[in-house]
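Notes follow the structure.
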Amino acid sequence: MDDLSNSSMKFFSDQKLCYADILPPYEARARIQVAVLNFLKLLNSPDPSISDLPLINRKSSNSRVSEGILTNVSWIFLSHSFCTRSLMKANAAKAFIRVWKVMAMCFEILVQEKRVTQRELFYKLLCDSPDYFSSQLQKRIDEISHKSGFSVYYQEPNKEAVDCSACGSSGYAISGDLELLESLVMKTDARYIIVVEKHAIFQRLAEDRVFNQIPSILLTAKGYPDIATRFLLHRMSRAFPDLPILALVDWNPAGLAILCTFKFGSIGMGLEAYRYACNVKWLGVRGNDLQLIPEQSLAPLKPRDWQIAKSLKASEILQENYREELELMTQSGHRAEIEALYVHGFDYLGKYIAKKIVQANYI
């Protein structure tokens with residue numbers, strides 16, 4: 001009865017979900033125009049005022065985890081808690097102006113019927129309004145991901161199919177255009193999808209043609225996952241629903257955060273995390289792999305690792321075995337990078353991955 005009650009609670013908690021609409025350009029323009037008109041009406045009223053801007057609260061306290069009842073995919077979502085940006089408050093004035101400048105730039109792009117990436121938008125705002133935007137405000141956004149694999153064919157509309165496994169150690173660069181990624185035709189005889197944190201590790205595995213030893217698709221975002229890589233992975237999970245998705249990341253809080261972003265989404269993108277979440281399993285590096293790594297190859301956790309660990313511990317997203325791994329990291333005060341496994345030889349990584357897959361040693 002308790003299990004049924006808990007399931008019901010999880011089901012109905014989704015009713016609190018706050019999400020972002022995907023709108024056609026004309027409707028997005030119309031919404032911006034309405035916002036401007038409402039702002040001007042208040043300014044022109046007998047009792048003029050400048051209205052505050054209500055924005056969805058993107059703090060962890062406003063995040064929840066949706067656990068699928070009919071699916072094994074969970075994701076982060078944001079609830080209906082708002083914060084305000086006010087021109088009248090000194091500490092919020094710049095943020096207030098930034099919102100309007102972003103809307104103005106988006107409106108201009110929509111009118112011109114252009115397509116831009118978030119990175120392009122950020123740098124245009126940085127050039128046009130340096131007083132309100134700084135490089136410190138930018139969260140890392142990459143426009144391309146790389147993919148390689150075991151007889152993976154990738155075909156854009158009206159173009160010839162590309163065999164990604166024949167693209168060499170650099171893999172095949174994927175467009176950041178989500179509409180294009182949605183229209184891809186993909187075929188494969190692979191049996192696994194392996195998500196790799198680092199581009200250098202991706203190149204090593206591709207150079208060793210590990211996808212011939214383990215029939216797999218290799219994918220990397222070259223660090224923290226951008227939207228295009230997350231979308232592509234979700235797209236592949238729909239195209240090949242029977243393929244397990246396995247992640248190879250550093251054994252540190254940052255690596256775990258990257259894994260969790262692929263698996264659950266992020267609070268910053270909580271309005272649309274459900275569009276990108278995938279059932280990713282943690283292949284390595286994990287605590288039980290430390291016996292393979294010499295003590296001198298371990299490094300102390302960095303200040304940023306401690307910050308990320310604190311944030312992860314405070315969140316609701318970590319399943320128990322992930323939380324245990326995080327606890328082990330912080331108790332030891334050390335981190336282990338994937339490259340530490342090279343102590344056994346540069347060709348060891350493929351053997352390490354193959355053994356873990358054969359033993360189903362992933363969580």
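Once you know that position 113 of the sequence shown is 113 in UniProt numbering, the rest is easy, because the numbers rise by one and skip nothing.
From the three backbone atoms N, C-alpha and C, an ideal C-beta is built for every residue, glycine too.
- If you draw a 10 Å sphere on the C-beta of N44, you find fewer than 16 other C-beta atoms in it, and that means exposed.
- The three-state reading of DSSP puts I217 in strand, counting E and B together.
- L181 places its beta carbon 8 Å or farther from that of L256.
- Here P25 carries a helix assignment [DSSP, helix/strand/coil].
- Listed in chain order, the non-local C-beta contacts of A90 below 6 Å within the same chain number zero, local neighbours out to five positions each way being set aside.
- The secondary-structure analysis by DSSP pairs A299 across a beta bridge with R335.
- CA-to-CA, the gap between N361 and S332 works out to about 22 Å.
- Boundaries of the alpha helix (DSSP H) around Y352: Y348 to V358.
- Out of K263, F264, V249 and Y348, the CA that lies nearest to the CA of R335 is found in V249.
- Distance check between R204 and each of I308, N252 and E339 places E339 closest, using alpha-carbon atoms only.
- Going by beta carbons, P225 and A190 fall outside the 8 Å limit.
- Residue burial annotation: N288 is exposed, with fewer than 16 other C-beta atoms found within 10 angstroms of its C-beta.
- Y322 has its alpha-carbon roughly 20 Å from the corresponding atom of R230.
- Counting only runs of 3 or more residues that sit fully inside the segment 174 to 212, the beta strand (DSSP E) segments are 185 to 187 and 192 to 196, in chain order.
- For R115, the three-state secondary structure derived from DSSP is coil.
- Put simply, the backbone Cα of M186 is about 15 Å away from that of E179.
- If you draw a straight line from the Cα of I201 to the Cα of G350, it comes to about 11 Å.
- Shown here, P54 sits in a strand according to DSSP, grouped into three states.
- The segment 104 to 118 and the segment 28 to 48 touch, with no fewer than 3 CB-CB distances between them shorter than 8 Å.
- Rounded to whole angstroms, D128 and L40 show a C-alpha spacing of 23 Å.
- In the DSSP assignment, L283 falls outside any alpha helix (DSSP H) and within the unbroken beta strand (DSSP E) covering V280 to G284.
- In the displayed model, I245 falls within a strand according to three-state DSSP.
- S49 has its alpha-carbon roughly 44 Å from the corresponding atom of I258.
- Of the candidates S86, H199, V196 and W306, S86 places its Cα closest to the Cα of S51.
- In the DSSP assignment, the residues bridged to R85 are L53.
- For D347, the CB contacts under 8 Å within the same chain, skipping 5 residues up- and downstream, are D208 in chain order.
- Rounded to whole angstroms, the separation of the alpha carbons of R304 and S315 is 17 Å.
- Between T84 and P54, the beta carbon gap of about 6 Å places them in contact (Cβ cut-off 8 Å).
- Burial is judged here by how many other beta carbons sit within 10 angstroms of a residue's own beta carbon; Y274 has at least 16 and is buried.
- Residue burial is scored here from C-beta neighbours: K356 has at least 16 other C-beta atoms within 10 angstroms and is therefore classed as buried.
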